[in-house]
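Under the numbering used here, the letters of the sequence shown match residues 1038 to 1170, in that order.
Built from N, CA and C at the ideal position, the CB exists for glycine as well.
Just so we're clear, the structure is a prediction, and the values are computed from it rather than from any experiment.
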Amino acid sequence: MSEQPIPFTIASFYKFVSENKLMAAKCSECGTVLLPPKPMCTNCLSTNLKWIELEGAGKLLSYTVIHIAPEQFQSMAPYTVGIVELKKGLRLPGMIRNVNPEEIKIGMNLKIDFDSSTSSQWPAWTRYFFKPL
């Protein structure tokens, strides 16, 4: 009996995050890597995709400091959210922790940091963050 394929959805992406894996969809036809994963290649429209694991390190491209946060994040404010460019030009947004906002610099090296705690409020899935290398 064969295993059911894992769908290329955000829910599946966060299921992998709960396993401490940063995963993306890769098109088997043209090689485009989709992060976040999508069920169809945005380049050639193929649905012939496979899951690949990514290295979770990159450089900070942009960031902002959040002072007025949504209710579920108020205890963390002020906190920093940035866009990190991973290898092959993939970009992933995420919170940056373990560094004071005043010490954050564009171009700094960051790596992914998985957090297995979950919340009863949305989003109720395991989260990922970035932290300095």
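*Does the pairing of the region 1076-1084 with the region 1093-1109 give three or more beta-carbon distances under 8 Å?*
no
_Nearest-angstrom Cβ-Cβ length linking L1086 and C1064, presumed shorter than 8 Å_ = 6 Å
_For S1153, which residues in the same chain have their Cβ closer than 6 Å to its Cβ, ignoring the five residues on either side in sequence?_
Result list for S1153: T1163, in chain order.
*Which whole-angstrom value is the C-beta distance of V1121 and I1103, which I expect to be below 8 Å?*
So it is not a contact: roughly 16 Å between Cβ atoms.
*Identify whether L1090 lies in helix, strand or coil by the three-state DSSP scheme.*
This sequence places Glu at residue 1090; Leu is not what is there. Three-state result, E1090: strand.
*Taking 7 Å as the cut-off, decide whether the C-beta atoms of K1148 and L1170 are in contact.*
yes
*Using only alpha-carbon positions, find the residue among T1101, G1093, L1127, M1132 that is nearest to F1110.*
M1132
_Inter-residue spacing [alpha-carbon to alpha-carbon] between F1050 and M1060_ = 6 Å
*How big is the Cα-Cα spacing for I1089 and T1046?*
The alpha-carbon atoms of I1089 and T1046 are separated by roughly 14 Å.
*Taking just the CA atoms, how far does L1127 sit from C1067?*
16 Å
*Could you tell me which residues DSSP pairs with V1070 in its beta bridges?*
K1063
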